[in-house]
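See structure below.
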Amino acid sequence: MEAKEIHEILIQHLPGCVREFRTTTADPFWVVESERIREVAAFLKDHPALQFDMLQAVTGVDRGECFEAVYHLTSLRFGHSVTLKAVLSHEAPSIATISDIYPAANWHERETYDLLGIVFTGHPDLRRILLPDDWEGHPLRKDYVAPESYHGISNAPD
Amino acid sequence: MPGTLTDIINFVIQTALALVGLDYARVPEMLRIGAAMLIACAAMLGYVAVVALFFGWAERRVAGRMQARQGPNIVGPFGLLQLIADAVKILVKEDIIPQTAHRFLFRLAPILVFMGAFAPFVVLPFSETLVVSNLSLGVYYALSFAALEVVGVIMAGWASNNKWSLYGGMRLAAQMMSYEIPMGLAVLTVAVLSGHLNLRTIVLDQQGHWIFSWNIFRGFPWAFLGMFAFYLAGLAGSKRTPFDLPEAESEIVAGYHTEYSGMRFVIFYLSEYATMYVVSALTAVLFLGGWHAPIPRVLAWGGEVHWEAGPVLSALIGMANMIGKSFFLMFVMLWFRWTYPRVRVDQIVYLCMKVLVPLGIICLIGASVWALVL
Amino acid sequence: MSAEVVQAIIFYFLAAMLVVSCAIVVFSYSIVNACFALLFTLLAVAGFYALLGADFLAVTQVVVYVGGILVLLLFGILLTSPLPVILGVATRRTYYLAVAAGAAVFALLVIIVRAFWAGQPAPAEQQSSLEALGTLLLGKYLFPFEFASLTLLAALIGAAYLVRRNDH
Amino acid sequence: MVQSLKTDEILVNMGPQHPSTHGVLRCLLKTDGEWVREVWPYIGYLHRCKEKIAEKVSYIQFMPYTDRLDYLASANNNLGWAMAVERLAAIEVPERAVWLRVLAAELNRIASHLLSYGTFGMEAGAFTPFFYGFRERETIVSIFDQLCGARLTYHYARIGGVMRDLSPETAKAIRRFLDEMDRRWVEYNTLLSDNEIFVRRTANVGIIPADLAIAYGLTGPVLRGSGVAHDIRKAVPYACYPKLDFQVCIGQGLKGTVGDSWDRYWVRMLEIRESVKICRQVLDGLPEGPYQTKVPRILKVPANEAYVRTEAPRGELGFYVISDGTDKPWRCRIRAPSFCNLSILNRIARNCLVADVIMILGSIDVVMGEVDR
Chain E
35 MEAKEIHEIL
45 IQHLPGCVRE
55 FRTTTADPFW
65 VVESERIREV
75 AAFLKDHPAL
85 QFDMLQAVTG
95 VDRGECFEAV
105 YHLTSLRFGH
115 SVTLKAVLSH
125 EAPSIATISD
135 IYPAANWHER
145 ETYDLLGIVF
155 TGHPDLRRIL
165 LPDDWEGHPL
175 RKDYVAPESY
185 HGISNAPD
Chain A
2 MPGTLTDIIN
12 FVIQTALALV
22 GLDYARVPEM
32 LRIGAAMLIA
42 CAAMLGYVAV
52 VALFFGWAER
62 RVAGRMQARQ
72 GPNIVGPFGL
82 LQLIADAVKI
92 LVKEDIIPQT
102 AHRFLFRLAP
112 ILVFMGAFAP
122 FVVLPFSETL
132 VVSNLSLGVY
142 YALSFAALEV
152 VGVIMAGWAS
162 NNKWSLYGGM
172 RLAAQMMSYE
182 IPMGLAVLTV
192 AVLSGHLNLR
202 TIVLDQQGHW
212 IFSWNIFRGF
222 PWAFLGMFAF
232 YLAGLAGSKR
242 TPFDLPEAES
252 EIVAGYHTEY
262 SGMRFVIFYL
272 SEYATMYVVS
282 ALTAVLFLGG
292 WHAPIPRVLA
302 WGGEVHWEAG
312 PVLSALIGMA
322 NMIGKSFFLM
332 FVMLWFRWTY
342 PRVRVDQIVY
352 LCMKVLVPLG
362 IICLIGASVW
372 ALVL
Chain B
154 MSAEVVQAII
164 FYFLAAMLVV
174 SCAIVVFSYS
184 IVNACFALLF
194 TLLAVAGFYA
204 LLGADFLAVT
214 QVVVYVGGIL
224 VLLLFGILLT
234 SPLPVILGVA
244 TRRTYYLAVA
254 AGAAVFALLV
264 IIVRAFWAGQ
274 PAPAEQQSSL
284 EALGTLLLGK
294 YLFPFEFASL
304 TLLAALIGAA
314 YLVRRNDH
Chain P
6 MVQSLKTDEI
16 LVNMGPQHPS
26 THGVLRCLLK
36 TDGEWVREVW
46 PYIGYLHRCK
56 EKIAEKVSYI
66 QFMPYTDRLD
76 YLASANNNLG
86 WAMAVERLAA
96 IEVPERAVWL
106 RVLAAELNRI
116 ASHLLSYGTF
126 GMEAGAFTPF
136 FYGFRERETI
146 VSIFDQLCGA
156 RLTYHYARIG
166 GVMRDLSPET
176 AKAIRRFLDE
186 MDRRWVEYNT
196 LLSDNEIFVR
206 RTANVGIIPA
216 DLAIAYGLTG
226 PVLRGSGVAH
236 DIRKAVPYAC
246 YPKLDFQVCI
256 GQGLKGTVGD
266 SWDRYWVRML
276 EIRESVKICR
286 QVLDGLPEGP
296 YQTKVPRILK
306 VPANEAYVRT
316 EAPRGELGFY
326 VISDGTDKPW
336 RCRIRAPSFC
346 NLSILNRIAR
356 NCLVADVIMI
366 LGSIDVVMGE
376 VDR
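Keeping their order, the protein sequence lines are chains E, A, B and P.
At position 91 of the first sequence the residue is numbered 125 (the numbering used here), and the sequence of numbers has no breaks.
At position 258 of the second sequence the residue is numbered 259 (the numbering used here), and the sequence of numbers has no breaks.
At position 140 of the third sequence the residue is numbered 293 (the numbering used here), and the sequence of numbers has no breaks.
At position 233 of the fourth sequence the residue is numbered 238 (the numbering used here), and the sequence of numbers has no breaks.
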């Protein structure tokens with residue numbers, strides 16, 4: 035199904051959810067209201083004409099003034115995909131988890147939390163996944179400064 | 002009447018002493034027996050070491066051949082000296098005992114395991130005359146010492162204070178407790194057929210019509226099936242693939258010898274080959290006619306009837322037959338190892354309890370009926 | 154050096170091994186250590202049997218007690234309890250009881266030995282005892298032998314029953 | 006009876022140094038005797054901040070870094086990255102380069118599956134398959150050596166084409182190898198696939214039902230082993246795949262249940278055969294022409310974003326790249342198949358034996374370089 039048709043179904047069934055539908059990029063994306071991400075995800079998964087049954091990735095992007103949580107969904111049955119974005123505040127980025135709707139989101143959300151510090155509320159096990167538990171900061175943030183040393187191990191480039 | 006290995010050693014000592022001008026008869030009897038026993042045991046120990054070294058090399062060459070690679074071929078002709086080079090390397094290696102290990106038991110365990118593996122060599126006959134101790138309970142004795150090995154392995158597993166080691170020990174305990182039963186049943190099948198537990202007598206019983214007087218065919222089909230039960234159970238007992246669960250490196254790192262290094266590790270290594278040899282030699286003795294040649298009088302003599310070949314030649318031929326059979330069975334073990342994957346812990350117990358034990362019981366009952374009817 | 158002297162040396166060696174390992178079995182706080190010490194107790198007993206010419210009994214001792222019971226014991230202990238197995242420290246009362254029970258058993262043994270084997274030499278036959286043992290077990294002692302087997306079978310069934318009951 | 010025997014539960018660390026955890030994966034096992042009650046994978050031991058590095062280096066400079074993601078299939082990673090950048094910058098790639106990239110990717114897929122075959126056999130306790138698999142892999146590696154001068158980290162695909170043309174000798178060597186592979190494939194099956202012990206170790210072990218596989222976002226042979234015919238090469242055709250004739254292999258539960266470890270293994274074996282087929286077609290239909298288009302040395306990519314999916318040997322490899330008009334990406338997210346596939350371990354490796362955990366882990370076939378990135 036083409037992106038346009040998906041967009042029509044979306045705005046028809048979930049009015050007020052989509053803030054923006056951008057088609058100028060190589061892959062179109064939808065910016066949805068961050069409070070309603072669970073609603074949108076559940077709808078996309080269950081709608082018989084859409085059936086986005088597989089979550090490919092959850093990603094975070096540091097835009098400088100705000101954070102974006104990015105969701106890539108695909109439907110194995112119909113072969114179409116969507117990219118959802120939710121804009122989060124830069125001070126305390128937080129969004130509801132979808133890991134109960136898509137179990138695949140579990141590790142992706144942990145990774146996004148680990149590297150970007152986006153908090154997924156309601157996540158069953160929101161711990162760091164790639165970095166050590168006592169690591170400070172979130173490296174993929176644009177304002178991140180790498181620590182001088184970690185447990186006495188120098189981090190300075192030589 | 003030819004004597005045993007001890008008599009031969011006594012004879013050698015006597016001759017040697019006579020050359021120096023001493024009278025062997027004046028040496029106290031106990032000392033003479035003790036000395037002869039010690040020398041015989043030392044000879045066996047040497048033999049175990051040679052077998053282990055040779056098969057350590059053969060294993061790698063066979064593996065190389067089967068895996069489209071070379072194997073050791075640089076040190077010495079065909080790489081034969083590789084194992085000696087390795088032995089030297091290992092001897093100078095650091096001996097590590099983990100800090101939290103139980104030091105005494107950690108040191109004791111390899112010794113126990115080796116004792117268990119070595120003890121059966123005392124009763125293995127190489128030819129009619131070449132046997133250290135002609136025990137009337139031969140087979141029973143040989144099998145009993147597997148128990149010592151199990152305790153040694155559990156001890157190694159526990160004393161290492163490593164969870165993987167403990168798993169290895171536990172696995173071996175489960176494995177051995179189940180596999181001793183079919184092994185015993187298979188031995189009983191032979192015991193019923195020949196009416197003896199003495200290994201020498203069992204072999205003497207199997208002489209005559211080429212291979213058809215061997216137990217494997219004489220007690221057909223019971224001993225034939227019994228041999229597979231015995232060999233498989235023995236394979237499990239010597240911890241070889243597909244039954245190498247106690248040291249399954251892909252699952253539990255290295256099992257009970259994870260923490261061992263240097264000389265202590267080598268003792269485990271030696272014990273494994275010693276056990277393999279014992280199982281192969283026992284299979285040869287119990288089922289494959291021991292030192293009897295497959296074709297009597299044509300290729301080789303063996304046994305009492307062919308004593309005319311002379312005691313030395315007869316002993317040598319018998320030894321060649323016996324070692325040849327044992328080595329072939331050991332080679333089959335290597336072959337298995339480089340062909341098969343490993344079974345799982347529940348499957349090994351299943352194989353024992355639901356396949357080999359019933360098979361052993363059928364063999365035993367069948368052989369008993371055979372023995373009564375025929 | 155005569156045969157008697159050698160036998161005596163072996164006997165005292167075995168006896169020392171037996172006593173020391175027994176002491177470890179009794180006094181060790183670690184149940185696994187006690188188990189491993191039991192191995193030497195059992196081996197020493199097997200040695201005694203061999204010394205007395207009962208080779209079948211000696212080998213059976215190793216097969217049954219070391220190979221079966223001891224391994225089962227270790228298996229059970231290591232698999233079912235937390236790793237450092239420590240026995241509960243005995244109270245004063247259990248010590249008294251243990252000493253009393255030990256003394257009673259010792260007295261009983263003395264009485265038995267004096268009543269039955271006073272002055273009799275140990276059987277000196279060096280031949281295999283297997284045939285004689287078989288004949289005795291299935292001949293003269295058939296009833297006690299079978300009775301013992303029945304008792305053990307009953308105990309086995311009882312144990313199985315108890316385990317099942319605890320389950321529910 | 007087994008369930009009623011209560012034994013003490015032990016926590017065991019399997020890894021980070023363990024013979025079967027494929028590098029540096031740590032699994033914490035809660036075991037009850039030989040039974041594993043719970044498995045918690047801990048990852049991150051090989052984390053090299055790939056995504057952060059991507060923001061610091063230019064698009065062209067990042068190509069060698071992609072080699073080290075799934076280091077057993079670097080040609081596939083290169084392909085994914087090249088396609089992502091070309092999509093963002095709207096670069097046309099010459100047809101010959103597209104075909105050559107597919108050739109490299111499929112050869113690399115064979116190599117990767119061969120290695121998986123070998124290590125899987127090793128985990129089952131059979132050593133010989135490992136050497137057999139490595140023997141053929143060695144041939145592929147030598148071919149890559151001829152093709153691009155590297156044996157492991159190829160960076161053969163370049164932005165706008167490939168690094169070097171295929172010489173006739175190399176083409177001949179590839180054809181020889183493909184014929185050899187056909188024979189060896191049969192030998193592999195007699196040695197391992199149909200071995201009774203191996204079948205009993207893997208059939209009905211670690212079953213992943215199709216719906217669970219989809220819910221956890223599994224891709225590649227792991228998803229197809231569960232009977233879902235999903236392959237990016239067919240679902241979202243890219244490169245020259247639409248012009249090639251090949252099949253999507255799925256698990257059918259030949260030895261046990263659909264979605265068990267044996268099925269996942271078998272899908273890989275079948276894919277080796279399909280890849281051989283593809284390679285032959287590529288060699289036959291290779292179009293003439295240039296193998297590289299002109300790309301500025303400092304490639305400034307206009308503000309754009311794209312999520313490009315390719316089928317790597319271990320599943321769907323996705324590059325989500327956001328460009329901002331400079332020569333460096335603003336954000337690059339690598340959707341690594343092994344990362345997603347590994348996340349199901351805790352779910353399926355419950356209440357099985359220690360040996361089963363190893364087989365399940367082996368059948369998922371993770372590469373830690375890709376999981377940790």
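Cβ atoms here follow ideal geometry from the backbone N, Cα and C, with glycine treated the same way.
Note that the structure is predicted; figures quoted are calculated from it, not measured.
Taking CB atoms only, M67 (chain A) has a neighbour in chain P less than 9 Å away. DSSP places N189 (chain E) in the coil class of the three-state scheme, outside both helix and strand. With a threshold of 16 other beta carbon atoms within 10 Å, V212 (chain B) meets it and is buried. With 16 or more other Cβ atoms inside 10 Å of its own Cβ, F324 (chain P) counts as buried. Distances from the alpha-carbon of L92 (chain A) to those of A:V267, A:G291, A:M331 and A:L330 put A:V267 closest. Its chain contains N189 as the residues whose beta carbon lies nearer than 7 Å to that of A180 (chain E), once the 5 sequence neighbours on both sides are disregarded; these appear in chain order. E316 (chain P) carries a strand assignment under DSSP once its states are collapsed to helix, strand and coil. If you keep only unbroken alpha helix (DSSP H) runs of at least 4 residues inside the region 151-192 of chain A, you get nothing at all. With a cutoff of 9 Å on beta-carbon distance, M88 (chain P) and A244 (chain P) are scored as near each other. The CB of I253 (chain A) comes closer than 8 Å to the CB of V359 in chain P, given here in chain order. Across the set A:L131, A:E252, A:H197 and A:F329, the C-alpha of A:H197 shows the shortest separation from the C-alpha of A372 (chain A).
Taking a cut-off of 8 Å for Cβ pairs, the region 91-102 of chain E and the region 123-130 of chain E touch, as three or more such pairs fall below it.
Chain A has no Cβ within less than 9 Å of the Cβ of S79 (chain P). Within the DSSP bridge table, the entry for K35 (chain P) names P:L16 and P:E43 as partners. Taking V41 (chain P) as the centre and dropping the five residues before and after it, the same chain places the C-beta of L34, K35, A354, R355, N356, C357, L358, V359, D361 and V362 closer than 8 Å to its C-beta, in chain order. Residues of chain A with a Cβ closer than 7 Å to the Cβ of T133 (chain P) are, in chain order, M67, Q68, W339 and T340.
Proximity to T262 (chain P) across P:R101, P:E201, P:G20 and P:G232 peaks at P:G232, based on C-alpha coordinates. Under the three-state reduction of DSSP output, I212 (chain P) falls in the coil class, being neither helix nor strand. Around the beta carbon of T108 (chain E), 16 or more other beta carbons lie within 10 angstroms, which makes this residue buried.
Here DSSP, grouped into helix, strand and coil, assigns Y182 (chain B) to coil. Runs of the beta strand (DSSP E) lying entirely within the region 98-139 of chain P, each at least 3 residues long, are absent. Closest option to Y105 (chain E), judged by alpha-carbon separation, among E:M88, E:G98, E:G50 and E:H157: E:M88. Non-local C-beta neighbours of V17 (chain P) in its own chain, meaning closer than 7 Å and more than five positions away in sequence, comprise L34 and T36, ordered along the chain. Fewer than three pairs of CB atoms, one per stretch, sit closer than 8 Å, so the region 189-206 of chain P makes no contact with the region 244-257 of chain P. With a threshold of 9 Å between beta carbons, V191 (chain P) makes no contact with chain A. The C-beta of F300 (chain B) comes no closer than 9 Å to any C-beta of chain A. In the three-state reduction of the DSSP assignment, C54 (chain P) falls in the coil class. By the criterion of a C-beta distance shorter than 7 Å, E143 (chain P) is surrounded by no residue of its chain, once the five residues flanking it on both sides are discounted. C-alpha of G221 (chain B) to C-alpha of N186 (chain B): approximately 18 Å in a straight line.
For E250 (chain A), a Cβ of chain P is located within less than 9 Å of the residue's own Cβ.
V173 (chain B) has a beta carbon lying at 9 Å or more from every beta carbon in chain A. Taking the beta carbon of Y47 (chain P) as reference, no residue of chain A falls within 7 Å; the closest one sits roughly 17 Å away. Per the DSSP secondary-structure output, E310 (chain P) pairs in a beta bridge with P:I327. Taking the Cβ atoms as the reference, I10 (chain A) lies roughly 5 Å from A37 (chain A), within the contact range of under 8 Å. The DSSP assignment places complete beta strand (DSSP E) segments of no fewer than 3 residues inside the region 45-70 of chain E at 52-56 and 63-66, in order along the chain. When DSSP reads this structure, H106 (chain E) sits in a beta bridge with E:A91 and E:T117.
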